[in-house]
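**Q** Numbering (our numbering), first residue to last: 188 to 336. Virtual Cβ for every residue (Gly too), placed ideally from N, Cα, C. Following this message is one structure expressed as structure tokens.
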Ligand code: FES
């Protein structure tokens with residue numbers, strides 16, 4: 188039968204070994220940590236001429252809609268200004284499925300509870316001549332991306 192002193196030593200050795208192993212596992216996890224990639228903020232779309240005058244194109248991944256009028260292209264956020272649900276666009280109106288807010292085709296509130304209009308988002312042209320949507324940059328409702336003839 189082992190002496191109590193030996194058992195205590197053995198217990199300490201095992202405890203230290205387990206503590207060291209746990210610390211090593213934690214360190215390896217820390218060193219191998221990969222941050223979750225952030226959601227994209229820029230979306231490369233088609234060439235401007237691909238969108239017909241009068242068209243409305245859903246950009247579901249970007250949660251936005253792309254429109255073209257006589258002056259050019261513009262993008263309206265599909266994120267409801269009330270609490271952030273995604274609005275749909277049908278029959279020249281945006282409608283929020285969450286609490287029923289409605290916006291006209293220009294993004295202005297027709298019916299609450301939303302009180303603020305939908306945001307207009309920045310459009311630029313890439314070096315390749317493609318439309319680029321920046322969902323983090325809000326612009327005025329008058330801004331248009333001109334479509335080259
Ligand atoms: S989130 Fe759209 S109406 Fe509430």
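Check the DSSP bridge columns for residue 220 and list the partner residues they point to.
**A** DSSP lists no partner for residue 220.
**Q** Looking only at its chain, what residues have a beta carbon closer than 8 Å to the beta carbon of residue 236, apart from the 5 residues adjacent to it on each side?
**A** So the list reads 334, 335, once near-sequence residues are dropped.
**Q** If we count the other Cβ atoms within 10 Å of its Cβ and call it buried at 16 or more, is residue 201 buried or exposed?
**A** Label assigned to residue 201: exposed.
**Q** In whole angstroms, what separates the C-alpha of residue 259 from that of residue 332?
**A** Using only the alpha carbons, I get a separation of about 5 Å.
**Q** Can you give me the start and stop residues for the beta strand (DSSP E) that residue 329 sits inside?
**A** Counting along the chain, residue 329 falls outside any beta strand (DSSP E), and DSSP gives it neither H nor E.
**Q** If you pair each beta-carbon of the segment 271 to 282 with each one of the segment 223 to 232, do three or more pairs fall below 8 Å?
**A** With a cut-off of 8 Å, the segment 223 to 232 and the segment 271 to 282 do not count as touching, because too few Cβ pairs lie within range.
**Q** In chain order, what residues of the same chain lie with their CB nearer than 7 Å to the CB of residue 324, ignoring the 5 residues before and after it?
**A** Contacts found: 308, 309.
**Q** Distance check for residue 205 and residue 266, CA to CA, integer angstroms please.
**A** So the alpha carbons of these two residues sit roughly 51 Å apart.
**Q** Is residue 200 helix, strand or coil by DSSP?
**A** DSSP places residue 200 in helix when its eight states are reduced to three.
**Q** Leaving out five residues before and five after residue 319 in sequence, what residues of the same chain have Cβ atoms less than 8 Å from its Cβ?
**A** Counting only Cβ-Cβ distances below 8 Å, and skipping sequence neighbours, we find 229, 230, 231, 232, 310, 311, 312, 313.
**Q** Pull every residue with its beta-carbon under 7 Å away from any heavy atom of the ligand FES, and keep them in chain order.
**A** Cβ-based neighbours of the ligand FES within the cut-off: 267, 269, 270, 271, 272, 274, 283, 285, 286, 287, 288, 300, 301.
**Q** Go to residue 282, then tell me how far its beta strand (DSSP E) extends in each direction, as first and last residue.
**A** Residue 282 -> beta strand (DSSP E) spans 280 to 282.
**Q** How would you call residue 238, buried or exposed, if buried means at least 16 neighbouring beta carbons within 10 angstroms?
**A** Under this definition residue 238 is a buried residue.
**Q** Could you check how far apart the C-beta atoms of residue 268 and residue 221 are, in whole angstroms? I think they sit under 8 Å.
**A** With 8 Å as the limit, residue 268 and residue 221 do not qualify as a contact, their Cβ atoms being about 34 Å apart.
**Q** Whole angstroms are fine: how far does the CA of residue 278 sit from the CA of residue 219?
**A** Their backbone Cα atoms lie some 51 Å apart in a straight line.
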